[in-house]
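Worksheet: one structure, shown below.
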Amino acid sequence: MINRKPYLRLAGLLFILLAAVLISLAAGERWLNPFSSVDSMNQTILWELRWPRLLTAFAVGGLLALAGAWFQVMLGNALAEPYVLGVAGSAAVGAVIVLAFFPDSGFGMSFGAFVGSGLGIAAVMLFARLGPGKLLLAGVVLAAFWSAVIALMLALLPQGKLGLALGWMLGDLSSSVIPVPLLLCLWALALVCGMFLSRSLDRLLLGEAHAAALGVDVSHLRWQLLIAASAATAIAVTAAGTIGFIGLVIPHAMRLVFGSLHRFVLPASAIGGGVLLMLADSGARSVIAPAELPVGVITAFIGVPVFLWLLRRKA
Amino acid sequence: MSAISVSHLCLSRGGRLLIEDLNFHLDVGRIMVILGPNGAGKSSLLMALAGMLDSDAGEVKINGKKLTDFHRGELASSLAWQGTLPSAEFGLSVDQRLQLAMQSGLSSDIDRETRSDACAKQDLSALCQRVLGELSSGERQRVELAALLVRDCPIWLLDEPCAHVDIRHQVAWLQVMREKAESGKTMLAVLHDVQQAAAIADDVILVYGDGRIRTGQAEALLVPDVLNELFQTDLQRVSGGFLIPNYRGEKTANL
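Line by line, the protein sequences are chains A and B.
The working numbering numbers the first residue of the first sequence as 1 and each following residue consecutively.
The working numbering numbers the first residue of the second sequence as 1001 and each following residue consecutively.
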């Protein structure tokens, strides 16, 4: 007899996903019934605004959660998250530099973020050989350095552009420059790669020595994880700015619900991260409509209480 | 046939020479015990034999094949390593930890049975759904011993298998080692209790910590003079053949 509980829970999560899609389609400045909107105005809003945006949110949330799960295993620390090694900070530096020196365009900032995150990853990799403990320390120090650079840039930025910079740093799903189909493909690719590694990842949960003794090529796996997790983070940041909490809260929450084995934690995180960001974005679009709240604020407002509740329930 | 054969092995860590020119052959079904003071390099030696630590020189052969020619996965199915307790950071349950130790990785009924048998042998049946972090160190150590049973490799490298474990389960484990060796498993174990070493060792390696090593049969090396030089202590033989430390510092006549 196989243990059916995780499969039932995954099915439950898919049901929640369906509900989240419907809510995201309905919510916004104007509430729509996703099933019966026949007039062309509503059709346009649904198909050209809400679907692309909710799919972007889904893919970005999923990528962030996967990256968080990978970083946590790689660093042997359940409190690690996608931005812990400073990738978000360096991406923000890239975006803000572009904003400061070039006429503002969403594309330019995303490009800057992509280059910035690449440089951030390269900086972190110089320390990857030193093992998880020192890698984590190096990442934290680099992240602090990037925040200092950002603070400097913000101080020098002309008044008119300050709002744009802050909005980007809190996450903005309205102006993703990565085409939605590509983003969804990258989400799927990340999940498939993760599933192939899931048994090695499970063994890495025991620590590097035990994983090696059980036949895992640890240094190879560590590089694979660093590259995959950094790339997922860079893609998410390029698409939507730096959205916090998803990468920390979702993998952790999914472990509490599904246990620790990655063949459940990874798909659950990829879906759960997407669900959380879709719901958060629906909130961001509707709470003070027609204006929008930064989505990062909402993820924190939803993510933190849910996380604390899960933590208490388990204890 | 030799399960493990080592020739001219040199090992150093952090610039300090731990082992110089180690040579031995360990035949199938024998138990070899490694003894030596803290920091002498016993664990490093085990890790080098498990292919987890590079040696400076020399050659290690497992079942006649050079260690360096092994693929990681193939090596992991030839020899099992038990070392420090695994991380409990991520909330693995006892049963999941044992699942990760299994060779097959399929969640079949047979595998389930293997795991529950191993749990039963280590008196862990009541704990098998508990999370590692909730167990005591001794219980977690017994989970590691159960993992060895589940993994079922022909060669066992054990680094203080009885650490944290209560005396009843220590005795039971040594009996398991003896039985498993008789059924053809080969073992290399770091122990700190010379009594236990004397009870199960066929062969012994003494690691002095300054590069010097001595190998030989247990009866020849597990004697007060040799051990006292190794540990810089004052073990004495009392009637019944036991080696006991002189806790009170009194001078007593050797029996």
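Heads up, the beta-carbon is just placed ideally off N, CA and C, and yes, glycines get one too.
(message) Would B/Ala1137 pass as an interface residue toward chain A - the criterion being a Cβ-Cβ separation below 8 Å?
(response) Walking along the second sequence from the start, residue 1137 of chain B turns up at place 137. The question names Ala, yet the displayed sequence has Ser at residue 1137 of chain B. Answer no: the Cβ-Cβ gap between B/Ser1137 and chain A never drops below 8 Å.
(message) Quick check: is the beta carbon of A/His210 nearer than 8 Å to any beta carbon in chain B?
(response) Along the first sequence, one-based indexing puts residue 210 of chain A at 210. At least one chain B Cβ lies under 8 Å of A/His210.
(message) Please list, in chain order, the chain B residues whose beta carbon lies closer than 8 Å to that of A/Ala155.
(response) Position 155 of the first sequence, counted from the first residue, corresponds to residue 155 of chain A. By Cβ distance, chain B contributes nothing, its closest Cβ being about 39 Å from A/Ala155, past 8 Å.
(request) Note down, one range per segment and in chain order, each beta strand (DSSP E) of at least 3 residues found wholly within the region 1126-1212 of chain B. (result) 1155-1159, 1186-1190, 1203-1207
(request) Just tell me which of B/Pro1037, B/Gln1232, B/Val1006, B/Leu1188 has its CA closest to the CA of B/Arg1030. (result) The residue labelled residue 1030 of chain B in the question sits at position 30 within the second sequence. The option with the nearest alpha carbon to B/Arg1030 is B/Leu1188.
(message) Using the Cβ count rule (16 or more neighbours within 10 Å means buried), how would you classify A/Gly139?
(response) Residue mapping note: residue 139 of chain A aligns to position 139 of the first sequence, counting from 1. So A/Gly139 ends up on the buried side.
(request) Output, in sequence order along the chain, the residues in the region 1115-1143 of chain B whose CB is closer than 8 Å to any CB in chain A. (result) none
(request) With 9 Å as the limit, tell me which residues of the region 1047-1065 of chain B have their beta carbon closer than that to any beta carbon of chain A; keep them in chain order. (result) Met1047, Ala1050, Gly1051, Met1052
(request) Could you pull the start and end residues of the alpha helix (DSSP H) that A/Trp187 belongs to? (result) On the first sequence, residue 187 of chain A is found 187 positions in, with the first residue counted as 1. Residues 180-196.
(request) Whole angstroms is fine: what's the gap from A/Phe114's alpha carbon to A/Val237's? (result) As a position in the first sequence, residue 114 of chain A is number 114, starting the count at 1. As a position in the first sequence, residue 237 of chain A is number 237, starting the count at 1. Roughly 8 Å separates the two Cα atoms.
(request) Would you grab the beta carbon distance between A/Gly86 and A/Trp146 for me? Rounded to a whole angstrom, and I think it's under 8 Å. (result) By one-based count along the first sequence, residue 86 of chain A stands at place 86. By one-based count along the first sequence, residue 146 of chain A stands at place 146. About 5 Å separates the two Cβ atoms, so the contact holds.
(request) Less than 8 Å between the CB atoms is what I'm expecting for A/Pro251 and A/Ala65, so what's the real figure, rounded? (result) Sequence index remark: in the first sequence, residue 251 of chain A carries index 251 (1-based). Sequence index remark: in the first sequence, residue 65 of chain A carries index 65 (1-based). Yes, A/Pro251 and A/Ala65 are in contact; Cβ-Cβ is about 6 Å, under 8 Å.
(request) Note down, in chain order, every chain B residue with its Cβ under 9 Å from the Cβ of A/Gly259. (result) As a position in the first sequence, residue 259 of chain A is number 259, starting the count at 1. Chain B residues near A/Gly259: Gly1091, Leu1092, Ser1093, Gln1096.
(request) Tell me whether A/Ile16 sits in a helix, a strand or coil according to DSSP, three-state version. (result) Sequence index remark: in the first sequence, residue 16 of chain A carries index 16 (1-based). Helix.
(request) Scan the region 195-219 of chain A for residues whose Cβ lies nearer than 8 Å to a Cβ of chain B and list them as they occur along the chain. (result) Arg199, Asp202, Arg203, Leu205, Leu206, Gly207, Ala209, His210, Ala212, Ala213, Leu214, Gly215, Val216, Asp217
(message) I'd like to know if the region 1011-1031 of chain B and the region 1176-1186 of chain B are in contact, where contact means that at least 3 CB-CB pairs between them fall below 8 Å.
(response) yes
(request) Go through its chain and collect everything with a Cβ distance to B/Gly1133's Cβ below 6 Å, but skip five positions before and after it. (result) Here residue 1133 of chain B is taken as the residue at index 133 of the second sequence, counted from 1. Correct list, in chain order: Ala1088.
(request) Can you tell me which of the three DSSP states B/Leu1022 falls into? (result) Position 22 of the second sequence, counted from the start, is the residue given in the question as residue 1022 of chain B. It is a strand residue.
(message) Do A/Glu81 and A/Gly247 have their beta-carbon atoms positioned less than 8 Å apart in this structure?
(response) As a working mapping, residue 247 of chain A is identified with position 247 in the first sequence. As a working mapping, residue 81 of chain A is identified with position 81 in the first sequence. Yes.
(request) Note down, in chain order, every chain B residue with its Cβ under 8 Å from the Cβ of A/Gly76. (result) By 1-based counting over the first sequence, the position of residue 76 of chain A is 76. Residues of chain B passing the Cβ test: Ser1087, Glu1089.
(message) Pairs of beta-carbons, one from the region 198-212 of chain A and one from the region 258-267 of chain A, closer than 8 Å: are there three or more?
(response) yes
(request) Give a yes or no on whether 8 Å exceeds the smallest Cβ distance from B/Ala1076 to chain A. (result) As a first step, residue 1076 of chain B is located in the second sequence; it is residue number 76 there, counting from the start. So, interface residue.
(request) Quick one: grab the DSSP three-state call for A/Met1. (result) Translated into positions along the first sequence, residue 1 of chain A becomes position 1. Bear in mind that a pLDDT of 39 at A/Met1, under 50, signals an unreliable position, so the model cannot answer this.
(request) Keeping to the same chain, check which residues put their C-beta closer than 8 Å to that of B/Ser1116; ignore five residues upstream and five downstream. (result) Within the second sequence, residue 1116 of chain B is the residue found at index 116, counting from 1. Cβ within range, chain order: Ser1125, Cys1128.
(request) With a 10 Å radius around its C-beta and 16 neighbouring C-beta atoms as the bar for buried, classify A/Val249 as buried or exposed. (result) Counted from its first residue, the first sequence places residue 249 of chain A at position 249. Counting Cβ neighbours within 10 Å, A/Val249 comes out buried, since at least 16 surround it.
(request) Could you name the residues of chain B that A/Arg255 contacts, counting a contact when the two beta carbons are closer than 9 Å? (result) Numbered from its first residue, the first sequence carries residue 255 of chain A at position 255. What A/Arg255 touches in chain B: Phe1090, Gly1091.
(message) Please return the same chain residues whose Cβ sits closer than 7 Å to the Cβ of B/Asp1159, not counting the five positions on each side in sequence.
(response) The residue labelled residue 1159 of chain B in the question sits at position 159 within the second sequence. Ser1043, Leu1046, Gln1082, Gly1083, Val1190, listed in sequence order.
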